[in-house]
Every structure is written in C-alpha cells, then in structure tokens.
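Take a look at the structure set out below.
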Amino acid sequence: MNSNFSCKTCASADKKLETFISNLSVDTSHHRMEGQSIKCGFGLQGICCRLCSNGPCRITPDGPKGVCGATADTIVARNFLRAVSAGSGCYIHIVENTALLLKKTAANKGAIKGKIALAKLAEIFEVNETDEHVCAEKIADLVLADLYKPDYIKMELVEKMAYKPRFDRWKELGILPGGAKSEVFAGVVKTSTNLNSDPVDMYLNCLKLGISTGLYGLTLTNLLNDVMLGEPSIRLAPVGLRVIDTDYINIMITGHQHSMFAYLQERLIQEDVIEKAKAVGAKGFKLVGCTCVGQDLQLRGEHYKDVFNGHAGNNFTSEAILATGAIDAVLSEFNCTLPGIEPICDELKIKQICLDDVSKKANAEMKPFVFEEKESQSNEIIASVIEAYQARRGVVALNLDAEHGNDDTLTGVSEGSLKSFLGGTWKPLIDLIVKGEIKGIAGVVGCSSLTAGGHDVLTVNLVKELIAKDILVLSAGCSSGGLENVGLMSPQAASLAGPKLRAVCESLGIPPVLNFGPCLAIGRLELVATELAEAIGVDLPQLPLVLSAPQWLEEQALADGAFGLALGLPLHLGLPPFVTGSSVAVQVFTQDMLNLTGGQLIIDDNAQSAAQTLDSIIEKKRQELNI
Amino acid sequence: MKRIIIDREKCDGCLNCNIACISAHEEGSNFYTVNLQSPDAETRNFIKFDVGKGYLPIFCRHCDEPECVLSCMSGALEKDPVSGHVQYDENKCAACYMCVMNCPFGVLKPDKKNRTKVIKCDFCDDKPDGPSCVKACPKQAIVVKEVNL
Amino acid sequence: MKIVIIGASAAGISAAKTIKVSEPETEVVIISKEDSVHSRCMLHKFLGHQRDAKGISFIADDFFETAGITWLNNTTVISLDPDKKTVTTHDNQTISYDKLLIATGAAYFIPPIPGLRESKNVYGFRDLNDAKLLDRECQTAKNAVVIGAGLVGMDAAVALLERGLNVTVIEMTKDVMSLQLDHQAARAYQQLFEEAGAEFILEDKVVSVDVNDVGRGTTIHLASGKAVPADVIVIAAGVRPAFNFTQGSGIKTNHAILVGDDLKTNLKDIYAAGDVTGIAGIWPNAMKQGRVAAINMLGEKLLYEDRYALKNTVNFYGLTTLSLGNINPEPEENCEILIREDRHNYQKVVLKNGIVLGVIMQGDIGGTGFWQYLIKNKIDISGKNKDVFSLSFADFYDLDQQTGEYKYAV
Ligand SMILES: Cc1cc2nc3c(=O)[nH]c(=O)nc-3n(C[C@H](O)[C@H](O)[C@H](O)COP(=O)(O)OP(=O)(O)OC[C@H]3O[C@@H](n4cnc5c(N)ncnc54)[C@H](O)[C@@H]3O)c2cc1C
Ligand code: SF4
Ligand code: SF4
Ligand code: SF4
Ligand code: SF4
C-alpha cells in the first residue's frame with residue numbers, strides 16, 4: 025500500500041542484514057522499494073485488463089466494466105488464472121527437466137544416490153524392476169508421459185500419488201488434471217481475449233493447475249532429485265553471510281533445478297580442479313547457497329560437505345551476498361535470479377553464467393546445460409570462473425559480515441529424515457499432537473517479499489506468534505531462508521516456543537521451526553500431511569494443520585497456493601493476491617472454498633491476528649477430532 | 220494556504236489519485252479493499268486526457284476567491300479563514316447546484332446516487348499527513364505547497 | 272465610518288461580510304423587515320417540512336455577534352434622505368449613514384385579475400413569512416393552485432406535493448420553466464411532477480377568481496373556460512425590484528434601481544446590489560454584487576462585470592439541469608443547434624459563428640461549470656476541432672505557475 029518508508033532501505037526481520045544492506049554502496053531491491061512504495065490501486069485489486077487494444081481497461085466508478093463488457097469479477101479471475109497458469113508452467117518446467125535428467129542419468133548408468141527415494145517411487149508407481157537404472161528410467165518415463173499428455177487425457181500418476189479421499193473429491197469436482205504442460209496451455213487460452221468470462225469456472229481451473237503443480241512440480245521434483253542427488257538427512261549447518269570463505273573461489277548458485285549442478289559440483293572437488301584453483305592462489309572451489317537451489321543443496325548437504333559451504337540467504341538476500349565482493353561467479357538456472365544482480369555483477373566483476381535460457385540474464389553468458397556435454401561444459405565453466413577470480417580478487421573490495429547468520433541451523437528435514445528421526449514411525453508425533461504437547465502444525469512456506477512490513481518481517485513475526493502458541497512450524501521456500509538467518513531454526517529457539525512445544529523441542533534437541541528447504545519441499549510437507557492423515561485415518565482438511573505463505577511473492581507461489589486449497593487446507597496470505605476488486609473472488613476463496621475442497625483463504629498482514637485466526641482453526645479441528 | 224500544486228507534465232493518468240480520494244472517503248478502506256463499484260464511490264479529483272497536451276489533472280484549487288462559495292445559497296460552502304480551504308457542509312446543502320454551475324473549472328458535481336449533495340474536495344479534512352491523493356501519486360505530479368493568498 | 276445596509280439576504284449579508292473581513296473597525300448596521308435571515312431558495316424545503324426555519328438559514332447562528340454587526344430586524348425602511356444621509360424606519364427611527372447599501376431585493380407581484388388580489392388565501396412565495404402562512408393553510412387545504420410554472424412556482428408546487436395536496440399548476444406559456452428550458456427538457460420535469468401527482472394546465476390564463484363570503488378564492492376561471500377548484504392559491508407570476516421607500520429621494524430607477532459598474536447609484540454614497548438592481552434575479556449574482564459594492568464602498572475600485580444573468584440550475588426529483596444563455600433562439604437568429612441525447616442525458620448547445628450562446632445540460636451536470644465561462648466571455652471554440660459535447664475545462668487548461676490557480680487558455 026502507500027506506506028512510506030522512513031529510511032532509504034526497507035526493513036528486514038534480520039536486523040544484521042538490514043544494517044548491512046543500508047550501508048551498501050550498490051543499489052538493491054531494499055533500496056528500490058522506496059521508489060516503488062506507491063502502488064497502483066487497480067493493480068492491487070486486480071482490476072486492470074490489458075488483454076486487448078481497447079485497453080488497458082480499469083474498473084472505476086465511471087467505468088464499471090471493460091470495453092468488452094468484462095466485469096471486475098471476470099477481469100480478476102482471468103488475471104488470476106493467467107498467473108496461476110504461469111506459476112504452474114514454472115514448476116512443470118522444473119519437473120520436466122528433472123525427469124529428463126533422471127532419464128539420461130539412468131540411461132547412462134549414472135550414480136543413483138537416493139536408493140530409498142527410488143524404492144519409494146517404484147512402489148508408488150508400481151514399477152517392478154530390480155536393476156536400479158532401468159527402474160529409474162521407467163519412473164522418469166512415466167512422469168514425462170504424464171507431463172506430455174494432452175489436456176483431455178488425465179494424468180495417470182495422480183491417483184497413485186494422491187491421498188484417496190482427496191482424489192475422490194477432486195474427481196467429484198471435475199478438477200483432475202490432464203497433461204500438466206497442456207493444462208498450462210489451456211489456462212492461458214481460457215484467459216485470453218473474449219474467451220472464458222465465468223469466474224467460478226476459472227477458479228476451479230486454478231485448483232486443477234494447483235493439483236498438477238503440487239503433485240508433479242513439487243512432490244515429484246523432490247523425489248526425482250533425491251534419486252539422483254541423495255536424500256536429505258538431518259544435521260546442523262551454518263547459514264548466513266558468514267558461510268562465505270574468501271580463501272576459496274566462490275560460486276553463488278541461484279535457481280530451482282539442483283540436478284543441473286550434479287556433475288559440476290562433483291567436478292569442483294576433484295583433484296585436478298582443486299589444483300587449478302590452487303594455481304591461482306585459492307584453496308579450491310565452494311558453492312555458496314542462495315535461493316531455493318541453495319536450500320536444496322543444504323538439505324542434501326550431508327552428501328556435499330566438501331563443496332558446499334552453506335546457505336547464505338534467500339531471494340532478497342542475493343544482492344547482499346554478491347555485494348560482499350567475495351563471490352566470483354553466479355550460476356543460475358531458474359528463478360529467483362533477480363535482474364537486480366546484473367549491475368552489481370558488472371560493477372564487482374562477477375561472472376554470470378546461465379544454464380537454462382528461461383533465466384537468461386541480460387549480461388550473462390548463456391551456456392544451456394546439455395547432459396551429453398556436461399564434462400566439457402563443466403570444464404569451460406570452471407575455466408571462466410577461474411578467469412573471473414583472477415581478474416577481480418584483490419581488485420574488488422571485500423565487505424564481509426562474519427557475524428551474520430549462525431552455525432547451528434537444523435537442516436535436512438524431509439518426510440523421510442523426519443520419520444526416521446522419530447524412529448521410523450509417525451506415532452510419536454501423532455501422540456504429541458493428541459496429547460496437546462504440540463497443538464498443531466503450521467506449514468509456513470513461500471517467499472520473502474519486501475512488502476508486508478519489509479524483508480521476512482511478517483514471516484518471522486508470524487512464526488514467533490505461532491510457536492508461542494505451541495504450534496510446530498514446518499517451513500519450505502525462501503521463508504525458511506529468512507527464518508534460519510534470524511535463528512529460529514537453531515535448537516535454542518526452543519526458548520521462544522510456548523511451554524509445551526518448548527519442552528518437546530528441548531527433549532528432542534530440535535528447534536520449533538523445522539527446515540524443509542526449498543519451496544519445492546512444499547511437496548514434502550504434503551507428503552508429511554498425507555502420511556499423518558493416513559496414520560490417523562482422516563482426510564487432510566480434518567488435520568490440525570494450516571498453511572501460510574505470509575510473504576508470497578510470485579506466480580509460482582499462487583500455483584502452490586492453489587495446491588494448498590485443493591488439498592483442503594486453510595491458507596493464510598499476508599497480502600491479497602490481486603483479487604480484492606472482485607466480490608466473487610473474495611467469496612470463492614474465503615467462503616465457498618470450504619464447501620468445495622475444505623480449504624479457505626485467510627488474508628491478514630498482521631502477525632498477531634493472523635496467528636490468532638490460524639490458532640483458532642487448529643483448535644476447532646482438534647475439537648472436531650475430539651483431541 | 221496549502222494548495223495541491225499540479226505539474227501536468229508529470230502526470231501519467233494512472234488514476235491512483237482517484238482511488239486514493241475514493242478510499243479517503245470510504246471509512247476504514249484501503250487500496251486493497253476500497254469498493255470502486257459502490258454507488259458511493261466518487262472521486263473528487265479528475266484526470267482528463269488531451270491528445271496534444273497529455274494528461275490534465277483537475278483538482279479543486281480552493282480558490283482565493285471561490286466562485287462556488289459566492290454562489291452557495293445555503294451557507295454549505297465556506298472558505299475556512301484559517302486553512303484557506305473551501306469546506307462543504309453536506310447537512311446545510313440544498314442541492315441546488317448553483318455551485319456546480321459556478322465553478323469555472325468544472326470541479327464540482329452532484330453525487331451520482333441521489334443528487335442530494337455535492338462532491339467536493341475537502342483537502343482530506345486537513346489531516347496532518349496531508350491529502351491522500353498526493354500521497355498516492357507515483358509521479359509527484361501533485362504536491363502540496365504553501366501559497367500566499 | 273458607518274455603513275448601513277438595507278436587506279439581510281444574499282446581497283446584504285455578503286456585503287457585510289466583505290466589509291468586516293477587510294475593515295473590521297467599520298461600523299455596519301443591517302436593517303431588514305424580516306425577523307430572520309434565510310435563503311429563499313430553500314423555502315420549499317421549509318414548506319415541504321424537510322427543514323425547519325433554522326435549517327434554511329445560510330449564516331451561522333452567531334453571525335452578527337461574531338462579526339460585530341448591528342442587526343435591526345423586523346424593521347422596515349420607509350424613506351431615504353440622501354441630503355441628511357439618513358433613512359427612516361416604520362417605527363420612526365432615523366438612522367444616519369456614511370455610506371448606504373440598498374439590498375432590498377424584490378417582491379412578488381399579484382397581477383390585476385378580478386378576485387385574485389382580493390382573495391385572502393392567495394400567497395406569494397418570496398420569504399419565510401409567506402412560507403409560514405402557506406404552511407398553516409396546508410394543514411386543512413386539499414386543493415392547491417399554483418399560478419406560474421417558473422422556478423418559484425415549481426418550488427412551491429414541489430413543496431405542496433410533498434405535503435400531500437392536489438396541486439394544479441397554471442402556466443401561460445407552453446412549457447414549464449420556459450425561461451430556463453426548451454420543450455424537451457421541460458417535458459422531462461413535467462412528467463416527473465405529474466408522476467408525483469401534479470396536474471398542469473399550460474397555455475392558459477387566469478381570467479377571474481370566485482371569492483366566497485369569507486373572502487377566500489374558491490374557483491379559478493381560465494381563458495379556455497376551464498374552472499379549477501382551489502383551497503389555497505400561490506401566485507408565482509414574477510417579481511419586481513423592491514424600492515418603494517426611495518420615492519422622492521431623487522434616485523434614478525427604471526424598473527429597478529440603476530447602478531453603474533461600481534454598483535453606485537446616482538446619489539452620493541449610496542450603492543445598490545442584488546435583485547433590486549434588476550441585473551439578475553439569482554443568488555450568486557446577488558452575492559457577488561454585495562461583495563463588489565462593499566469593496567467600492569470601502570474606497571477601492573472594483574467593477575462588476577458579471578452582468579451575465581441567464582443562468583440557472585434545476586434539481587427536482589433528482590433530475591438535474593444546467594441552463595445557460597440563449598437556449599431557445601428564434602429561427603431568424605440563424606444559430607446552429609446541436610443536440611445529443613442518451614438514456615440519461617439531454618444536451619443542447621446553441622452556437623453562432625463558433626461562439627456558444629446557450630446550453631442545456633440535463634442529466635449529468637458534473638463538471639459543467641466551464642460552460643458559463645465560455646458563454647460569458649464569448650470564447651470562440653471553432654478552433655477546438657472537437658465534438659462540443661466532449662468539451663471540458665481540460666480543453667482550456669492552463670495553470671498559473673506561481674499560485675497554482677487555474678487559468679483559461681483561450
Ligand atoms: C422561492 C424562490 C426560489 C429561488 N430559488 C433560487 C435558486 O434556486 N437559485 C438562485 O440562484 N436563486 C433563486 N432564487 C432567487 C434568489 O433568492 C434571489 O436572487 C436572491 O434572494 C436575491 O437576493 P437579494 O439579497 O438581492 O434580495 P432578497 O433575497 O430579496 O432579500 C431582500 C432583503 O431585503 C429586506 N427588505 C426588503 N425591503 C425592505 C425594506 N423596505 N426595509 C427593510 N428591509 C427590507 C428583506 O427583508 C430581505 O432581507 C429564488 C427565489 C425564490 C423566491
Ligand atoms: S485532497 Fe483529499 S478530497 Fe481532495 S482530491 Fe485529494 S484525496 Fe480527494
Ligand atoms: S470548487 Fe471550483 S470555484 Fe470552488 S474552490 Fe474549488 S476550484 Fe475554486
Ligand atoms: S448545491 Fe449545496 S453547496 Fe452547492 S450552491 Fe447549492 S446549497 Fe451550496
Ligand atoms: S496519481 Fe498522479 S500521475 Fe496518477 S493520475 Fe493522479 S496526478 Fe496523474
């Protein structure tokens with residue numbers, strides 16, 4: 025809204041970061057926020073339409089309809105479905121690349137590091153192959169076959185993956201998705217000029233996209249990556265700007281497609297490459313985690329101790345990480361690779377390489393990842409990073425903050441690692457919930473944005489409120505980047521939890537906020553929720569479980585949100601997703617959804633009242649379960 | 220007196236000033252929630268477009284010698300001797316619309332819903348943080364300045 | 272200095288205000304024959320019981336005290352002695368002045384029709400007293416007749432309808448409000464009034480009124496032979512400037528008191544403003560004249576240039592109309608007449624050689640204030656190359672960089 029920030033940079037939940045950024049001489053998102061603090065009211069309400077040359081049409085008191093006759097309800101729904109389609113497209117792109125890579129890896133008898141994940145997928149998909157490569161390839165083929173189906177042929181793995189009561193409800197509602205790529209296409213077509221004008225039809229379509237996004241883009245991407253890269257395992261790890269070690273040649277990675285780095289990250293720690301680094305005065309190479317792919321590495325960090333130094337920060341920390349001057353190159357393959365890093369890279373002579381043209385940065389070198397050429401490509405990348413290192417180190421001033429972050433963030437939490445931590449069964453967790461030692465679970469997911477009070481502000485405040493109410497928080501996405509840097513994922517954060525949750529955490533030596541890593545891991549939260557529901561024998565909407573994306577940022581987050589609603593979960597957002605200009609939208613999302621899927625949207629930018637609402641929903645669900 | 224000074228070259232026609240004005244007069248609303256489709260939604264400022272000149276913001280000048288006040292037969296319009304702003308009292312107004320006829324700049328209009336009152340800029344009641352429209356203008360095409368009467 | 276103002280209405284009050292704002296030490300005495308200050312334009316709200324007497328005042332309760340003005344109410348001036356510089360009142364007070372403003376407005380006029388002037392139940396609709404008398408009649412009357420369908424007659428009719436009376440309006444011309452409207456615009460109002468229960472007899476004339484034995488008019492006879500029963504009669508057939516008391520003072524008059532552009536009369540230190548000058552019969556002009564006269568009385572020079580009087584707005588039953596200038600030109604005037612109509616609007620622009628002579632804007636009148644400027648100043652719009660109905664102030668947009676005020680770019 026029209027909040028005017030008093031200082032030049034916007035606030036951060038992470039005060040050290042706020043100070044660090046406000047003292048920078050380069051321009052960051054945090055600086056630009058002030059210049060963009062005045063927002064367009066039509067945009068905020070979603071009632072601007074640019075679909076045709078009669079536009080842009082805006083809904084005003086004197087112009088209650090677009091030229092074509094589109095009402096606010098139609099315009100909002102079209103804009104929303106477009107956004108969800110785009111968001112879905114992003115995640116489907118990721119799972120498609122991941123499946124293709126798994127297929128090629130398997131065909132070339134590459135390493136299969138995640139045997140448990142492979143077995144699990146084989147079981148779900150009913151693939152009976154003893155040879156793990158053949159098995160992996162078949163799994164990849166099944167996923168790809170579904171992704172490439174037309175929209176009028178339903179995807180086959182949905183029924184295998186989805187929890188039965190959910191699947192049945194989706195079938196009843198007619199929202200089982202066809203081929204995931206085609207569904208994106210259908211969503212885009214539907215929302216074009218003078219096509220669909222039925223808001224309810226379009227919102228149901230969003231749910232359909234939510235299902236394909238969630239099950240494929242999220243859940244499967246995790247599992248396929250686990251097969252290639254190894255499963256997460258719980259450990260303590262350093263986070264924040266402190267992870268940057270100037271003795272090494274540092275490569276910051278941004279994106280969401282961890283498997284694209286699989287070969288490179290192995291290569292960076294091989295003797296001959298280390299020798300090359302030494303020849304120019306460095307001890308070797310380090311990957312510095314940033315955005316979700318950094319979280320992914322951190323999650324599986326157990327397998328990459330030598331090359332991965334830790335996760336430095338989330339989306340809106342990336343510019344600050346570069347501004348330390350200690351990063352020599354940025355390798356990116358997807359979002360969230362901010363255009364704002366470009367001038368910083370230019371100024372600080374940081375080499376930029378893009379591995380996937382969807383995230384091509386204007387001033388970056390384009391090196392599309394080709395599986396068959398991964399050896400030579402990696403060597404080329406290493407050579408140019410070394411070149412950059414030589415050209416800049418000693419020339420570019422360093423501006424480090426060794427105090428930022430912490431060394432004891434608990435990471436590596438996944439549906440698998442958490443279950444084995446609990447002794448291979450969910451029973452201990454269920455018992456704690458039944459006894460009320462843990463009142464409920466909140467999945468706090470999504471991004472960070474600079475609105476809603478500033479960088480990570482609402483996320484951190486909300487999480488503090490929730491844990492104080494004995495609600496266990498599971499986090500996935502850039503939200504976890506913020507939460508870990510402020511120490512909420514360190515075991516001593518237990519002291520901030522309510523007495524019951526605190527006791528549980530202290531006895532287990534865990535923090536009250538569990539780090540599932542990247543936004544893709546929202547799929548893992550779904551797996552946890554489903555397994556819990558199955559163990560108790562209820563449907564998802566009955567669980568004392570809520571979702572919140574307090575600082576949702578982009579279209580992908582909206583597709584994730586649609587998944588959450590399709591799962592029938594209450595979903596809190598800090599700021600409305602550009603829909604409040606339509607009374608139908610507000611009605612569908614905040615009321616009617618309860619009857620459709622059991623889900624419900626809650627919009628509240630106040631941490632206290634939002635936590636209260638979520639708490640009372642959890643209480644209500646507990647009552648209904650008689651616990 | 221404080222006046223909203225217009226730099227028409229800067230105006231982009233975004234209409235944020237309209238929304239801000241409507242919101243300022245819908246109790247408790249903000250940019251997300253203001254109901255632009257309500258029959259009560261009325262903007263007190265206007266943006267016109269001219270092919271040659273571009274966007275032309277039309278905002279009440281709270282004139283030094285306000286024609287609207289001179290034409291008002293109910294005492295509803297008065298120039299506040301302290302703030303200099305021309306204030307309107309809906310309860311006194313007889314909805315005769317002599318003021319609409321007399322504002323030389325076409326700033327005034329009858330209310331859309333019932334034609335029982337006048338829609339007029341109230342300088343956002345002279346609230347301390349200034350006019351809502353000015354705060355909402357991304358281009359600083361409208362700014363508040365002190366002018367001598 | 273002592274300034275005496277006769278009349279406590281638009282012109283008188285606006286003059287007094289202007290004087291007190293610029294020279295608070297000047298002594299100001301206002302004399303009025305009424306006991307309250309009220310806006311005649313709201314009399315129908317009083318008669319219609321939408322507002323009480325206080326509700327139709329246009330000044331603050333404590334206006335006179337705060338401004339330090341002496342107000343002699345219920346006091347009628349009966350003569351003027353320009354040599355001694357005094358006025359005399361009905362109760363024999365002699366009040367001296369250094370400067371005098373005559374702002375006595377106008378008074379309604381009862382045409383010399385047999386039976387009409389004699390009837391006790393005939394009322395004008397000019398001031399609060401008239402409205403109070405009518406109010407009393409309304410408590411028993413069933414049938415009301417309004418003679419004259421001009422703005423005042425229509426105001427009276429709307430109030431009487433509000434009070435549930437059967438209302439018949441008799442008008443000589445072929446349309447209601449024929450000075451302000453053309454046939455089509457007038458029909459729209461007539462229809463609304465008819466829907467509210469009024470009956471109109473147009474193009475007809477009152478020829479006589481039957482008076483009963485208690486002196487009340489009972490039946491109105493028309494030229495057409497029609498007879499209309501009446502319990503109460505409102506006469507709205509025009510007003511005359513009110514300056515009887517100036518007889519013998521040597522003041523120059525025709526049908527009104529004659530003034531120059533400085534609003535001074537031919538007599539030393541005597542000014543006139545408002546309806547009494549005959550320049551215009553509407554509120555804004557009376558206010559402005561009061562202001563201009565005051566400034567001149569204080570010794571500054573300011574000319575009254577706004578002699579343009581053909582302007583009005585109408586708002587009945589939520590239908591609003593703006594009417595300016597020559598809206599019903601004769602064929603021999605060779606004017607160009609442009610009409611635009613839609614479901615909610617009827618608009619008419621009368622043009623001659625690129626100059627706007629008159630407009631009617633019925634329906635949406637928001638933002639139409641600029642038309643008056645164009646007509647008054649005879650602005651040539653032929654160069655605008657634009658549909659006249661889409662004109663707005665934006666087409667003449669200019670700003671004073673220093674003050675931020677608007678200017679007309681013409
Ligand atoms: C029913 C009605 C509706 C109207 N509606 C509108 C409208 O909608 N818009 C519009 O612009 N105009 C309207 N008018 C016209 C408008 O009211 C007049 O133009 C305006 O009132 C003129 O103001 P004035 O000060 O010149 O005189 P007036 O208002 O006539 O006031 C004259 C004053 O002089 C006093 N006075 C007169 N003679 C003496 C005396 N001998 N001694 C002492 N005091 C004296 C009176 O008491 C009074 O205070 C309406 C008029 C009427 C009657
Ligand atoms: S100052 Fe307030 S009332 Fe006036 S135009 Fe601006 S927002 Fe509207
Ligand atoms: S409404 Fe018109 S005349 Fe009145 S103060 Fe505003 S700009 Fe001036
Ligand atoms: S419409 Fe109201 S504010 Fe305007 S002149 Fe008439 S009484 Fe005064
Ligand atoms: S907010 Fe500013 S830029 Fe936008 S239309 Fe209004 S004046 Fe113009």
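Chains D, G and V, in that order, give the protein sequences. Just add 24 to the spot in the first sequence (first one is 1) and you have my numbering. Just add 219 to the spot in the second sequence (first one is 1) and you have my numbering. Just add 271 to the spot in the third sequence (first one is 1) and you have my numbering. Yeah, the Cβ is synthetic: ideal placement off N, Cα and C, and Gly gets one too. Please read these numbers as outputs of a predicted model, since none were measured by experiment.
Could you give the distance in angstroms between the alpha-carbon of residue i and the alpha-carbon of residue j?
{"i": "cysteine 606 of chain V", "j": "proline 600 of chain V", "result": "7 Å"}
{"i": "alanine 130 of chain D", "j": "aspartate 222 of chain D", "result": "45 Å"}
{"i": "alanine 659 of chain D", "j": "leucine 538 of chain D", "result": "There is simply no residue 659 of chain D to check, as chain D begins at 25 and stops at 651 in what is shown."}
{"i": "glutamine 516 of chain D", "j": "proline 535 of chain D", "result": "7 Å"}
{"i": "leucine 48 of chain D", "j": "valine 312 of chain D", "result": "20 Å"}
{"i": "glycine 470 of chain D", "j": "threonine 154 of chain D", "result": "38 Å"}
{"i": "methionine 25 of chain D", "j": "threonine 252 of chain G", "result": "With a pLDDT of only 33 at methionine 25 of chain D, under the threshold of 50, the placement of this residue in the model should not be trusted, and no figure is reported."}
{"i": "lysine 398 of chain D", "j": "glutamine 289 of chain D", "result": "11 Å"}
{"i": "serine 438 of chain D", "j": "leucine 105 of chain D", "result": "31 Å"}
{"i": "methionine 185 of chain D", "j": "leucine 618 of chain D", "result": "23 Å"}
{"i": "serine 503 of chain D", "j": "threonine 237 of chain D", "result": "19 Å"}
{"i": "asparagine 246 of chain D", "j": "glycine 547 of chain D", "result": "7 Å"}
{"i": "leucine 399 of chain V", "j": "proline 295 of chain V", "result": "30 Å"}
{"i": "tryptophan 194 of chain D", "j": "alanine 210 of chain D", "result": "18 Å"}
{"i": "leucine 446 of chain D", "j": "glycine 134 of chain D", "result": "32 Å"}
Return helix, strand or coil for residue i, following the three-state DSSP convention.
{"i": "serine 307 of chain V", "result": "coil"}
{"i": "histidine 320 of chain V", "result": "coil"}
{"i": "aspartate 345 of chain G", "result": "helix"}
{"i": "alanine 287 of chain V", "result": "helix"}
{"i": "arginine 82 of chain D", "result": "strand"}
{"i": "valine 510 of chain D", "result": "coil"}
{"i": "asparagine 654 of chain D", "result": "Outside the displayed range of chain D (25 to 651) lies residue 654 of chain D, so it cannot be described from this structure."}
{"i": "glutamate 343 of chain D", "result": "helix"}
{"i": "glutamine 455 of chain V", "result": "helix"}
Who are residue i's beta bridge partners in DSSP?
{"i": "tyrosine 586 of chain V", "result": "It should be pointed out that residue 586 of chain V corresponds to asparagine in this sequence rather than to tyrosine. DSSP lists V:Thr591 as partners of asparagine 586 of chain V."}
{"i": "serine 499 of chain D", "result": "D:Val468 and D:Asn539"}
{"i": "tryptophan 342 of chain V", "result": "V:Ile301"}
{"i": "arginine 487 of chain V", "result": "Paired residue(s): none; arginine 487 of chain V is not in a bridge."}
{"i": "aspartate 231 of chain G", "result": "Note: aspartate 231 of chain G sits in no beta bridge, so no partner."}
{"i": "cysteine 230 of chain D", "result": "Beta-bridge pairing links cysteine 230 of chain D to no other residue."}
{"i": "leucine 595 of chain D", "result": "D:Leu571 and D:Leu625"}
{"i": "cysteine 378 of chain D", "result": "D:Ser356 and D:Met390"}
{"i": "threonine 357 of chain V", "result": "V:Asp352 and V:Ser367"}
{"i": "threonine 435 of chain D", "result": "D:Arg259"}
{"i": "asparagine 274 of chain D", "result": "D:Lys310"}
{"i": "lysine 332 of chain G", "result": "Paired residues: none, contrary to the question."}
Assuming residue i and residue j make a contact with CB atoms under 8 Å, what is their CB distance in whole Å?
{"i": "valine 363 of chain G", "j": "lysine 221 of chain G", "result": "5 Å"}
{"i": "leucine 590 of chain V", "j": "glutamine 633 of chain V", "result": "7 Å"}
{"i": "cysteine 114 of chain D", "j": "glutamine 414 of chain D", "result": "Not a contact, Cβ separation roughly 36 Å."}
{"i": "arginine 266 of chain D", "j": "histidine 428 of chain D", "result": "6 Å"}
{"i": "isoleucine 273 of chain D", "j": "aspartate 352 of chain D", "result": "5 Å"}
{"i": "methionine 448 of chain V", "j": "glycine 419 of chain V", "result": "Not confirmed; about 10 Å, so no contact."}
For ligand 5, which residues count as neighbours when the test is a C-beta closer than 6 Å to any heavy atom? Those residues that bring their Cβ nearer than 6 Å to a heavy atom of ligand 5 are G:Cys230, G:Asp231, G:Gly232, G:Cys233, G:Leu234, G:Asn235, G:Cys236, G:Ile266, G:Tyr274, G:Pro276, G:Ala355, G:Cys356, G:Lys358, G:Ala360 and G:Ile361.
Let me have the residue list for ligand 2: C-beta closer than 6 Å to any non-hydrogen atom, ordered along the chain. Cβ-based neighbours of ligand 2 within the cut-off: G:Ala239, G:Cys240, G:Ala243, G:Arg263, G:Asn264, G:Phe278, G:Cys340, G:Asp341, G:Phe342, G:Cys343, G:Pro350, G:Ser351 and G:Cys352.
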